[in-house]
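So for the sequence shown, our numbering puts the first residue at 349; every next one is plus one.
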Amino acid sequence: MHNAQLQSYVQSRASNVPNNNIINNNKLRRRTMDTSFPGDEYTEAYYDELQYNEIQSGLKGFDPFSIVKPQLIKDLAVQFKDNVPRGTHVKGSVPFETSFTGKDIVSTIRELFPTVVRNSSASRSLAVQVARTLQSQLYFFEVEFNMTLVTDDVQEIFVFPDEVGLQGAGSDEIPTGVFTALTPCYSLMCPGDETCYSYTCPYRAKKALHLVSATEIPHSEDIIDEEFKDWTEQVEPELLVTLDDQERERQSVIQQALESEIQYVEALDVVESLYIEPLRMVKPNIIPVERLESFIEATFDGLLSLRERNRRLVEQFKVRQREQSGLLEAAGDIFLSSFIEWEDCYPDYIGSLPTIESMIREEQGLNDQFSEFLLECERKPEAQGMDLITHLQRPAHRLGRYAVYLNAILKETPEGHPDCGYLVEGMKAVKRLTDLGTLVSWQLSDPNHSHIQGWTDLVEPEVIMNLDKKEIERQNNIFELIRTEMGYVKDLERFTTVFIRPLRDAKDSIIPNHRIDHFIYEVFGNHVDLFELHNTLVKELHKRQREQHPIIDSITDCVLKVALNWDEAYETYMPHYPYAKNAYDEEIMLNERFVEFVAACRRLPECRRQDLSAFLFLPPQRLPRYPLLLGDILKHTKDDHPDKINIDEVIDLIKSKIKEINVNVGVATEKVKLRNYSKIIIHRDGSQNGLDLANDARTLVHEDTVIRHSEGTTSMTTSNSDIKMMLFDHYLVLCKEKRVDKVAGRRVFYIWKRPIPLDLLTLNDFNGSPLKQTSRIRGALGRGANDEESGLIYPFSFIALCRPRLEYTLFTDDPQKRQRWQEKLEEALFLHSQVQEETNKVFEAVPLSIDTFPATRSAGAFEDNPLTGKVTCSVPFKTNDGRRLVAIGCAEGLWIGLRGEPTSLRRVLHLKNVTQCAVLEEFGMFIVLADKILVAYSVEALVPSASTIQNGGSNLSRTPQKLSGTKDVAFFTVGKLHDRTLVIFMKRKGIDSVFRALEPVSERMLAERAPVNAFNRLLTGGKSGWFENYQVFFIPSEATDLLFLRAKLAIICKRGFEIMDLETLKGGSIPDFTNAKNQRDPQISALGKKCDDATALAIFKSGDQEFLLIYQQFGFFVDRHGDPHRLECFTEWEGKPESVSCHPPYILLFDSEFIEVREMETLNLVQVVKGNEIHRTWGGIGLSPHAISPNGWVHSPEALGESRCHFVMRVDSEQRLSQGQRGNSSQRVFELQPIWHYNQADSSQLYQSTAPYRNYVSRA
């Protein structure tokens, strides 16, 4: 039992056996030690206690031989007697119980050696020396009392004297002595391995092995060779005289075969002593230590395994020879059983020889020391002039010799002898081993470079002659499936060996390091999954070949088993293939080093002059081939064969899987096409298209070439040109194609007219009469001049509702094409509206009023109702008693009602020209800008609570307060800055804009103050003012709005933005186009010219280090220094917005006919809300707890789903008109209610900027 096995056994016994029995069991197992030390109670007790304690503690390192000193013969003898296996062995037809062979002795003693010695090739020779030492002291003897020395053999058997009832000299004595070859290191600190500091340490230098090798020990085979020189000397004379001449000749042939087998095993032993041991022992290492053991294992393990099989064959002959008094009555059964056992090793080894030879030659080419080592070994006498490869090829040559020996024995064996049948079957078994060796050799080869290309090349002619033509074709078809599958697996393996590994290991990076991983994934996909899947199939097919060679009955079950698991691997690779091909083509186009790498790979023999793109296409190519290959097998299968039904089922299964996969491939192909379009559809200045075509949600509905008729011409002549019209799921794009590289076929599409969102597209006329065109245009469209309809083109038109509104008229050269365009456009518009309504809508317009603010129509113009006037502003707020209200300002006063109840609105203030209103909920103040006068009211006075009403209004302590003097306030805003609540209003003074900041005072502070003067007492009823002056400042330009940022103010001017610190009154203008860096950038310079002619609307903080600037025509980002940033996100608006609101993560741009909803981070258009006479009434300005401040920072979780935008638009009512009522339209106020927040993952989390907030909210 090995140490690890023994340790596991002892631990398992320790966990199951009661404690009080452990010592007793140990005593029983050490019977010999008890008898060897009769009276040494101290030693016995020490041993028992040591074992007991270690078992109890469960030490992992427990070793029952830990107290054995292998250099002491006494210790070795005791342990040897305890562990040598006994059994019943036969010699000369006489059975001997409790006996053991010489091989048993050597194996047991070897296991007692230290690990460094036990793992050496000389360990068995050393064990033979120890055994002879024990034998010389009569510790055991040969059963027939011969003076035969112990050998590592089964020829002789031995017993212990006391176990067979013999008493005498030496029977009760333990052998003594010291075996110097096993003495340990003298150093007490020796770790027991090669790291010992002592130069003479046996573990460091393996000196014990040198001592053994220097000692001449007769080998067992040498003794046997002497015995086989004359086999008759080993047979008793009285038995020998009974043999006739034929039997004598037969015995001679058998003995010659046995002697040849012994010499063959000796030759295999030479390989270990000549190559393996020196490779391990020589310093410095010939092969680097990290590769040494793997090289030895790959090169020699197969040979050593064969050696053990052949050694067992020799032992079986020797046992029989011993049992039959030197004769071998039969040999065929021994050979036959061995040949059957060899089927799992000999064919594999013979088949792997080409691989081993290639590995050795590769090592020779890379390692000069290894080449010199092989030459030195070849010169040694024991090598007999043969090199390493010739030594390794000996098993293949040996296999062919067995048939010769068996045939020679058969010729000398009389007819009817029992051995004849075994010998005949043995020859067949040898033939099968040879055939299997050829088969395995082919299985391990590259089928694309093998000389075996068909089944008939692999089998013997006599096999083919016994089959009909149909079965021969069927075997060829089966072989072809297996051969092509092997080639497919080899090619999948080359993804790694030929392409991926060299790309990663290149000294000068072919693909930049920062994107090599992404590139490999993008191009090669899940090729490893495919390799593992098909490698499994190849293994199954090879196994079936070996089981049924040379005629394969069926492989259908093997294919079916793997085909059932194809789904996941191919459903990943096949749809990804278009992306892989696209990534490969792009790299070829842009990377010269990659082009050189691909060309170098193409020249490699294993690539067969195919480049990487051909290898990438192998999986899509291979999958459809299976039905064809299986169909060929089915065509040549007999009607009564089970495969006639089974193959049909497998073919149907594979076809169904291919059909399912192809659907996804088609989708992926379209996605790749869109990816390419996202790069080649550009503006004339080379800027990106901004269509978000790389988004996986995008689809291409239809595309075709149409004809454009230039404006200002009256006939379809040379002024016409072709336009590429592309209909996506969200935009209609008109482009002009241009080839930029005629050799490579590269092309780009320049955007001809602004892309039209489908939300703003209206179809017009698709039934216009055809027009004639000139022959020049016909030629451009590829139509023939003799075609009757080739001179006609068919017009169709549509309208873009963007600003300015445009009508397009285009033409097709075929009425079916025009009809196709109409169908596709109608389909796309319908689907887009449905998707927007059900999935992609992010805001929903919820009415705050319905008929409260009517409007009249006079002479086709919109007029305000004289009772209410035009709706101008609104604000939501909440009272102290929890009522959720909304205030709406008009030209004729202020209305307040309950939110969610549009009919509850009532006028509370009769004021003229109300333009702005806001609520300071914390202070209970309502601020109104009416007729350019800013006035503050008490919320309780406007909408008294129930307690106020019950008290008769006695607790209404505040009267309105005018915050501005004259009628000159242009606008005001409210917000928080450094935890201060401020109200800031602006007055114009010439060209300057003068701002005054007021800070509201709480009711507690008001109660503590005394009236300051008579005027204030008259105005406030004896109390001081509600606001204190905080700051006054101005800017020398015309301001249109003011926004609160986190720590500063943003003042919106007509031509830009001023950022001001209210504490220091220092600031600056953004964007900054004046610094040298920006002036050197042509793209930024062009942007600066656009800004000079544009009207600024708003600025929002879009990230921790980024701001979004909104102009009336476009928007772009700047960094915290005011420099233009992320210019690829520069976006022009579809309309001409008059106002802008921010509702992170979106911005809303209010045009008079529609509202654009765009993502704040990318400025992509996500929704369009259409209407008439649209005007924003509230943009989120205010300090109510539910509001989200305009800089994009969330105050509370409840704010995620709260509206912060109100707008008014005209809504026509045909019902009112039919009833004869005055006026047929109304001004209806809506709030934009966010609905995307319902899909969020966790509303308890707060994010402090729009960038993480956008990731936090998931859109449908």
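A virtual CB, placed ideally from N, CA and C, is assigned to each residue, including glycine.
Whose C-alpha, out of the options, is nearest the C-alpha of residue i?
i            : options                : result
residue 426  : 451, 441, 456          : 456
residue 1069 : 605, 1053, 1529        : 1053
residue 1277 : 732, 1309, 669         : 1309
residue 1152 : 1500, 1346, 959, 1032  : 1500
residue 1268 : 1347, 1318, 965        : 1347
residue 838  : 876, 825, 585          : 876
residue 785  : 692, 737, 1438, 726    : 692
residue 1039 : 1022, 1389, 1307, 942  : 1022
residue 949  : 1004, 1007, 901, 844   : 844
residue 1468 : 1474, 712, 1455        : 1455
residue 740  : 655, 772, 812, 1161    : 655
residue 1326 : 987, 1335, 1397        : 1397
residue 332  : 1036, 953, 829, 473    : An answer regarding residue 332 cannot be provided, because it is not within the stretch 349 to 1608 covered by the chain.
residue 1004 : 1381, 986, 915         : 915
residue 1378 : 1389, 1345, 1332, 1552 : 1345
Please tell me whether residue i and residue j are closer than 8 Å, where the distance is taken between their beta carbons.
i            : j            : result
residue 1184 : residue 1515 : yes
residue 1349 : residue 1376 : yes
residue 679  : residue 610  : no
residue 1442 : residue 1460 : yes
residue 1235 : residue 1242 : yes
residue 1525 : residue 1556 : yes
residue 1048 : residue 1085 : no
residue 900  : residue 791  : no
residue 1400 : residue 1447 : yes
residue 1140 : residue 1120 : yes
residue 821  : residue 984  : yes
residue 1280 : residue 1229 : no
residue 760  : residue 880  : no
residue 1056 : residue 1071 : yes
Based on the DSSP output, what are the partners of residue i in its beta bridges?
i            : result
residue 1331 : 1322, 1346
residue 1087 : 1095
residue 1243 : 1236, 1255
residue 532  : Bridge partners of residue 532: none, in fact.
residue 824  : DSSP lists no partner for residue 824.
residue 1623 : Because the chain spans 349 through 1608 in this model, residue 1623 falls outside it and cannot be assessed.
What's the call for residue i, buried or exposed, on a 16-neighbour Cβ count within 10 Å?
i            : result
residue 981  : buried
residue 453  : buried
residue 1463 : buried
residue 1391 : buried
residue 764  : exposed
residue 495  : exposed
residue 592  : exposed
residue 1220 : buried
residue 1450 : buried
residue 1107 : buried
residue 503  : buried
residue 545  : exposed
residue 629  : exposed
residue 847  : buried
Assuming residue i and residue j are in contact, meaning their beta carbons sit under 8 Å apart, how far apart are those beta carbons, in whole angstroms?
i            : j            : result
residue 608  : residue 579  : At roughly 14 Å, the Cβ-Cβ gap does not stay under 8 Å, so residue 608 and residue 579 are not in contact.
residue 964  : residue 925  : 7 Å
residue 1190 : residue 1494 : 6 Å
residue 778  : residue 747  : 7 Å
residue 422  : residue 524  : 5 Å
residue 1075 : residue 1218 : Contact doesn't hold; Cβ gap of about 40 Å is too wide.
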